[in-house]
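J.: The structure follows.
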Amino acid sequence: MNISPNSVVALTYELHTTNEEGQQVFVEKADEQNPLVFLYGVGMMLPKFEEHLTGLKTGDEYSFELSAADGYGEIDPGAFADLPKTMFTEAGGEVPNVGDVIPLQDNNGNQFRAGVTAVHDETVAVDLNHPMAGKNLLFSGVILNVREATQDELSHGHAHGVDGHSGH
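Residue numbers (this note's numbering): 345 to 512.
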C-alpha cells in the first residue's frame, strides 16, 4: 500500500538542521523500536513533510530538506516578551535560568513553551518562537509500515499505534 490520505504510516527518521557554518547538526531520531506513527493527511504533521512522503510504501527510504518557511517558519521578531519576575516568584517558585524552556499559558488556556533568553532585575526575557523556527530541517529514514486507518482512528483523528490497537 502506498502512503495516501487516511493511511497510517510508521517510519524511522533522523532530523538534522544546519548551523551557521553550514554543518549538519543532529536534533532527534525515531528508530525501529520507537517509530513515528501517524495518521496521514489530517494535519498532525508538517504539510511539506507529508508531501515528500506521498506515494511511498513499506521499505522505501527517503531523504529531503524542508526550508524554514516549510517547517516551523522564520523567526518572528515580534515573538519575544519580557515577563515580570514576580510571575515566577509569587507562588514560591524560582526564577528560571537562561537556556531553560518554561511552560506558559495564554488567556485562552492554550499551553506552549518559551525559551529563556535573559534574566534582568525585574523581568525574564523569553523567546516564544518554536525552537526549530528559522531552521531548515533535513529528514532521512525508512518507511516501516503503511496500512489503512481503522474506523476508530479516522473518527478519533489520530493513529492507534503501528497495529491500530494501541493507545486506547
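The beta-carbon is built from N, C-alpha and C at its ideal position, and this holds for glycine as well. Source: prediction; values computed, not measured.
Cα-Cα, which of Ala458, Lys479 and Leu397 is closest to glutamine 367?
T.: Out of Ala458, Lys479 and Leu397, Lys479 has the C-alpha closest to the C-alpha of glutamine 367.
J.: What are the complete alpha helix (DSSP H) segments, minimum 4 residues, inside the segment 411-460?
T.: Within the segment 411-460, the complete alpha helix (DSSP H) runs of at least 4 residues are 430-433.
J.: Compute the Euclidean distance between the alpha carbons of isoleucine 419 and asparagine 473, then round it to the nearest angstrom.
T.: Whole-angstrom Cα-Cα distance: 6 Å.
J.: Select from Tyr357, Val353, Gly437 and Met431 the residue whose C-alpha is nearest the C-alpha of threonine 402.
T.: Nearest C-alpha to threonine 402: Val353.
J.: By the three-class DSSP mapping on this structure, what secondary structure does leucine 397 have?
T.: In the structure shown, leucine 397 sits in a helix (DSSP, three-state: H, G or I).
J.: If you drop the 5 nearest sequence neighbours on each side, which residues of the same chain put their C-beta closer than 7 Å to that of tyrosine 416?
T.: His474, Met476 and Ala477.
J.: Between the C-alpha atoms of histidine 500 and valine 486, what's the straight-line distance to the nearest angstrom?
T.: Roughly 26 Å separates the two Cα atoms.
J.: For glutamate 409 and asparagine 346, I'd like the C-alpha separation in whole angstroms.
T.: Cα to Cα, glutamate 409 sits roughly 21 Å from asparagine 346.
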